[in-house]
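Comments concern the structure below.
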Amino acid sequence: MEQDVSKRIISIPTADLDMLNALDWKDGIGTLPGSNIQFCLNEFGLLEIITEAEAEAIKTLSASAVNASPASFAPAAINVSTASSTDWE
Numbered sequence: 003m004e005q006d007v008s009k010r011i012i013s014i015p016t017a018d019l020d021m022l023n024a025l026d027w028k029d030g031i032g033t034l035p036g037s038n039i040q041f042c043l044n045e046f047g048l049l050e051i052i053t054e055a056e057a058e059a060i061k062t063l064s065a066s067a068v069n070a071s072p073a074s075f076a077p078a079a080i081n082v083s084t085a086s087s088t089d090w091e
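Numbering (our numbering), first residue to last: 3 to 91.
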């Protein structure tokens with residue numbers, strides 16, 4: 003008796019889909035309610051456990067990104083008079 007695997011339906015329990023919603027999220031850090039276990043999403047979108055030091059670093063980076071002014075991202079202005087080619091002669 004052959005099985006047609008193309009017709010097999012794989013169902014993922016709803017509880018697994020709600021795992022991200024079960025965490026308390028603040029500043030990009032998820033905390034498991036009733037515990038000190040903290041999580042973050044890595045660059046691949048996967049959930050990973052983080053240490054307290056990593057959580058503090060994420061909070062610091064998040065706060066500095068919010069407080070950064072747009073001017074801090076602008077390229078430095080070039081003083082045309084000091085960069086002229088006549089200075090090289």
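Where is the CB? At the ideal position from N, CA and C, for every residue including glycine.
A direct Cα-to-Cα measurement between I39 and I51 gives close to 7 Å.
Per DSSP, reduced to three states, the secondary structure at T33 is strand.
Non-local beta-carbon contacts of L49 in its own chain, meaning distances under 8 Å to residues more than five positions away in sequence, involve M21, L22, G32, F41, C42, L43 in chain order. For D29 against I60, the beta-carbon gap comes to about 7 Å, under 8 Å, which counts as contact. In this structure, the alpha-carbon of P35 lies about 24 Å from that of L63.
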